[in-house]
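What follows is one structure encoded as structure tokens, with my remarks underneath.
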Amino acid sequence: MWIERQDTQAGSEAATERVGSARGGRQAGTPGKPALCVSIHDVAPATWDDCMRLAQALREVAELPLTWLVVPQYHRPGGEPARMEAGLERALVQGDELALHGFTHLDTAPRGPGLSERFWRGRYSHEGEFAALPADEAARRIQGGLDWFAERGWPVHGFVPPAWLMGEGAWQALRAFDFDYTTTFLRFHVLGAGAGAGAGTPGNGGTVWSPSLVYAARNRTGRLASPLLADALALALARRPLIRLSLHPPDVRHPRLLRHAQATVERLLATHTAMTKAAFAHLFATHHYQYGPQYPPRQWRAPQPP
Ligand SMILES: [Zn+2]
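Read in order, the letters of the sequence shown are residues -16 to 289 in my numbering.
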């Protein structure tokens, strides 16, 4: 277990354990402060080298825990699965978290006639696998992803839909599984018992408003505008419980974006505690996270070799 904390709440031994390595609960930064969750999206053999470089770039400025969003059967072929799996094993040992990020990442469901649906699903280049799936198919894919994690003996606590898009069928399917959290672009949703009544329903007490800082690396305007937007969001969210920074493999090809991500993390760690998404979900569930954790600071211990 990487984290030890004094806990003033009765009956929380199990909770303390949950914040440990099994929860991907390593933390860095300023204890007792709001949370910073940094994630790497679209982790697959084909993107592995880029994902590794993103992680290395972040760790040049801080030894912080990451959440790797893994796609079990990514629709883009290539890469070496064994190398990725060895890398993710190392990440787990370090106290990082692996989360389920769809199954193929590809949105193959037929397009509906609605303008808004066409806009959102088209905007993400058909990457929103769970945007329009019926509940049974969504459940089948989630179970497929969980089986894939289980075959590798990897714990999984979170589901993040590709492109953050999740239709009603996917929401319905998700509620039948035992995830601790899911995220959309605007919100962090705590699921299960920790969320209180109506878990997973946008707008209830189990959600935290936290639009993700994210870069639009694919076009020039996006590359220029998205760091400015990220700065504005970081400022707007400064006194809220959670700031999320989400990096995608294409970001790695743009040094300016990487430098921005590094500077952002470095700056935020002065005021925030970096933690995995699973650790945040757990804190939210057990401590009714409002404006920073309501418990004594904890100590961070360097990971021991396995
Ligand atoms: Zn993705």
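Every residue gets a Cβ at the ideal spot worked out from N, C-alpha and C, and that includes glycine.
Since the model is a prediction, treat every value here as computed from it, not as a measurement.
Residue i: CB within 7 Å of a non-hydrogen atom of ligand 1
i: residue 33; result: no
Cβ-Cβ separation, residue j to residue i (assumed contact under 8 Å), whole Å
i: residue 74; j: residue 255; result: Going by Cβ atoms, the distance from residue 74 to residue 255 rounds to 21 Å, so no, they are not a contact pair.
i: residue 110; j: residue 88; result: 6 Å
i: residue 79; j: residue 51; result: 6 Å
i: residue 49; j: residue 38; result: 6 Å
i: residue 245; j: residue 76; result: Incorrect: roughly 24 Å between the Cβ atoms, too far for contact.
i: residue 213; j: residue 241; result: Rounded, the Cβ-Cβ distance is 13 Å, inconsistent with contact.
Buried or exposed by the 16-neighbour rule on C-beta atoms within 10 Å, applied to residue i
i: residue 119; result: exposed
i: residue 222; result: exposed
i: residue 133; result: exposed
i: residue 211; result: exposed
i: residue 227; result: buried
i: residue 176; result: exposed
i: residue 204; result: exposed
i: residue 151; result: exposed
i: residue 238; result: exposed
i: residue 31; result: buried
i: residue 170; result: buried
i: residue 144; result: buried
i: residue 332; result: In this structure the chain extends from -16 to 289, so residue 332 is not present and cannot be described.
i: residue 234; result: buried
Ligand 2 heavy atom lying under 7 Å from the CB of residue i
i: residue 81; result: Ligand 2 is absent from the structure shown, which contains only ligand 1.
Self-check item: Nearest-residue set for ligand 1, Cβ under 5 Å from any heavy atom
Solution: 24, 25 and 145
Quiz item: Which runs of the alpha helix (DSSP H), 4 residues or longer, sit entirely within the region 20 to 56?
Solution: 31 to 44
Quiz item: Enumerated in chain order, which unbroken segments of the beta strand (DSSP E) with a length of 3 residues or greater are wholly contained in the region 142 to 168?
Solution: 164 to 166
Quiz item: In the region 216 to 261, which residue ranges form an unbroken alpha helix (DSSP H) of at least 4 residues, counting only runs that do not cross its ends?
Solution: 238 to 251
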